[in-house]
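>
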Amino acid sequence: MNAQVMDPMMASIETLPGRAGSAALQDRRAIAAKFVDARGKLDVRHLWTRNGHRYYRVNWWTGIDEGDASVLRSAFVSVEDADGATVVTDHTRKAA
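Going left to right, the sequence shown walks through residues -16 to 79 as this note's numbering numbers them.
#1: Would you mind working out which of F18, H29, Q9, G23 sits nearest E49, comparing C-alpha positions?
#2: Contact check, R40 vs L30 under 8 Å by CB: the rounded distance?
#3: Mind pulling the beta strand (DSSP E) runs of 3 or more residues that sit fully within the region 32 to 76?
#4: Going by DSSP in three states, P(-9) sits in which element: helix, strand or coil?
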């Protein structure tokens, strides 16, 4: 893995190779905390920012190191700073 482990929290938000700078560390930590039950390697991709909300596509991958990559889970989320806290809102559709 190319992500550098800086503290214990970093291990749970390890990103895919080449994607370490794709989302702010604070946002990645907040997303990892929101989805504490999610398994796999976290891949957070910034999509756009509007009116103080940062929107991300989030995938949790398995099989990266073995060469058999597949997405275990995917989410569409927004992150905003409100009252001194980072707030993550899951906008993923629950049903089609």
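Beta carbons: idealized from backbone N, C-alpha and C, even for Gly. Nothing here was measured: the structure is a model prediction, and the numbers come from that model.
Looking at the atomic coordinates:
#1: G23
#2: 6 Å
#3: If we require 3 residues or more, the beta strand (DSSP E) runs fully inside the region 32 to 76 come out as 36 to 45, 53 to 65, 68 to 73.
#4: Bear in mind that the predicted position of P(-9) carries a pLDDT of just 37, short of 50, making it too unreliable to give a figure here.
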